[in-house]
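There are 2 protein chains.
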Amino acid sequence: MEPDACSVPVVDAERVASVRQALPSEETVQDLAQVFGLLADPGRLRMMAALLEGGEMCVCDLAAATGQSMSGASHALRLLRMRRVVKVRRSGRMAYYQLADSHVRMLFDLAITHARHTEGGLGDG
Amino acid sequence: MEPDACSVPVVDAERVASVRQALPSEETVQDLAQVFGLLADPGRLRMMAALLEGGEMCVCDLAAATGQSMSGASHALRLLRMRRVVKVRRSGRMAYYQLADSHVRMLFDLAITHARHTEGGLGDG
DNA sequence: GCGACACTTGAACGATCCTTCATATGTAGA
DNA sequence: TCTACATATGAAGGATCGTTCAAGTGTCGC
Chain Z
11 MEPDACSVPV VDAERVASVR QALPSEETVQ DLAQVFGLLA DPGRLRMMAA
61 LLEGGEMCVC DLAAATGQSM SGASHALRLL RMRRVVKVRR SGRMAYYQLA
111 DSHVRMLFDL AITHARHTEG GLGDG
Chain H
11 MEPDACSVPV VDAERVASVR QALPSEETVQ DLAQVFGLLA DPGRLRMMAA
61 LLEGGEMCVC DLAAATGQSM SGASHALRLL RMRRVVKVRR SGRMAYYQLA
111 DSHVRMLFDL AITHARHTEG GLGDG
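Just so you know, the sequences run in chain order Z and H. First residue of the first sequence? That's 11 in the numbering used here, and the numbers climb one at a time after it. First residue of the second sequence? That's 11 in the numbering used here, and the numbers climb one at a time after it.
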């Protein structure tokens, strides 16, 4: 990690200082980055989309619906579980997963809107 | 990537089929994963937060405000530029960056809300 | 108890990502 | 032209991530 003062030439020192103190705390930044990191994998993304559709599903159906191995699905669900994105209900030897809150749906919709806005070719502006 | 039919035992085949066909297209999933991937890095996250606060800033001020090297900031901005998350205005030898649309703010707020909801200890449920 | 089953976990390999250093591009001023 | 400057880019090194295989836990039915 970088020291608090950096050796980069500055144009508007006043603005830099005010922006700097308005930034979220280091802890918040790390938290946000981890949440977004969970959403950055196609497999986990499909899983969340499946839960958005299916409501509550067991691991093997989730694996089948998203085209993953059982082991892969289980690893993915572990990460989502630890970050409280999904919650699990156990019944016998089955484990049924569902989304833990409604933010995921909104995150999805927003990101899709952004993707739609930027579709039709990427590259330098 | 997995074949379309997978060798995982299925409990509710009907539901699996209906969820499977309701999933977003492969292209959409990849797009979404890439957008979220951009947000998954603390440096880029701080950069977007700075632009949210500062409106429009040059690269060196952005680097100073977020505690990155010039080179690091430039690499980060390149990725954000290519995904149309930020846009650049050039004036002489300066480059001024700003957010390209308002979705980033909403994505931030939503993710922060989720983080608040899950704060106070992580782990298996 | 025993085996089959649903799921979980650990370790290893390969791919990807971020950081850094060095260099390149293009602009301003003398 | 030459130097200083703001930014951009390429390549290399190390860290991190996802996938896979193998083995582990706990449950059901015989």
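Cβ coordinates follow ideal geometry from the N, Cα and C atoms, glycine included.
Rounded to whole angstroms, how far is the Cβ of residue i from the Cβ of residue j, which I believe are closer than 8 Å?
i	j	result
V29 (chain Z)	E66 (chain H)	V29 (chain Z) to E66 (chain H), Cβ: 11 Å. No contact.
M58 (chain H)	V69 (chain H)	That belief does not hold up - the Cβ atoms of M58 (chain H) and V69 (chain H) are roughly 14 Å apart, past 8 Å.
Q40 (chain H)	R93 (chain H)	In fact, because the Cβ distance is near 12 Å, the residues do not count as touching under 8 Å.
L55 (chain Z)	L49 (chain Z)	6 Å
H124 (chain H)	H113 (chain Z)	4 Å
Y106 (chain H)	R99 (chain H)	5 Å
L33 (chain Z)	A60 (chain H)	6 Å
V26 (chain Z)	A74 (chain H)	5 Å
D71 (chain Z)	D111 (chain H)	Actually they are not in contact, since the Cβ atoms of D71 (chain Z) and D111 (chain H) sit about 37 Å apart, beyond 8 Å.
V76 (chain H)	G53 (chain H)	One detail in the question is off: residue 76 (chain H) reads as Thr in this sequence, not Val. Right, their Cβ atoms sit about 6 Å apart.
Starting from residue i, follow its DSSP beta bridges and name the residues at the other end.
i	result
C68 (chain H)	H:Y106
Under DSSP, the alpha helix (DSSP H) around residue i begins and ends at which residues?
i	result
S28 (chain H)	A23 to A32
T128 (chain Z)	First-last for T128 (chain Z): undefined, no H or E at that position.
R91 (chain H)	M80 to M92
A43 (chain Z)	E36 to L48
Where do the ends of the beta strand (DSSP E) carrying residue i lie?
i	result
V96 (chain Z)	V96 to S101
Using C-beta distances below 6 Å, list every residue in its chain close to residue i, excluding the 5 sequence neighbours before and after it, in chain order.
i	result
F118 (chain Z)	none
I122 (chain Z)	none
Q78 (chain H)	G53
S35 (chain H)	none
V20 (chain Z)	V26
Kindly list the residues whose CB is nearer than 7 Å to the CB of residue i, restricted to its own chain and excluding five residues on each side of it in sequence; keep chain order.
i	result
R91 (chain H)	V98
V96 (chain H)	L61, L87, L90, Y107, Q108, L109 and A110
M11 (chain Z)	With a pLDDT of only 40 at M11 (chain Z), under the threshold of 50, the placement of this residue in the model should not be trusted, and no figure is reported.
With a threshold of 8 Å on Cβ separation, who are the neighbours of residue i within its own chain once the five nearest residues in sequence on each side are excluded?
i	result
D51 (chain H)	A86
G135 (chain H)	Here the model assigns G135 (chain H) a pLDDT of 42, short of 50, so the residue's position is not dependable, and the following value carries that caveat. Within the same chain, G135 (chain H) has no close Cβ partners at all.
H127 (chain H)	none
Open item on the list: Tell me which residues of the region 55-74 of chain Z have at least one Cβ-Cβ distance to chain H shorter than 8 Å, keeping chain order.
Closed with: Cβ contacts with chain H: L55, R56, A59, A60, E63, G64, M67, C68, C70, D71, A73 and A74.
TODO: Below 9 Å between beta carbons is the criterion; list the residues of the region 100-118 of chain H that meet it against any residue of chain Z, in chain order.
DONE: Residues of the region 100-118 of chain H whose Cβ lies closer than 9 Å to any Cβ of chain Z, in chain order: M104, A110, D111, H113, V114, M116, L117 and F118.
Task: Residues of the region 81-98 of chain H whose Cβ lies closer than 7 Å to any Cβ of chain Z, in chain order - done: Taking 7 Å as the Cβ-Cβ cut-off, the region 81-98 of chain H approaches chain Z at R91, M92, R93, R94, K97 and V98, given in chain order.
Task: Residues within the region 19-42 of chain H neighbouring chain Z, beta-carbon criterion of under 9 Å - done: Residues P19, V20, V21, D22, A23, R25, V26, A27, S28, V29, R30, A32, L33, P34, E36, T38, V39, Q40, D41 and L42.
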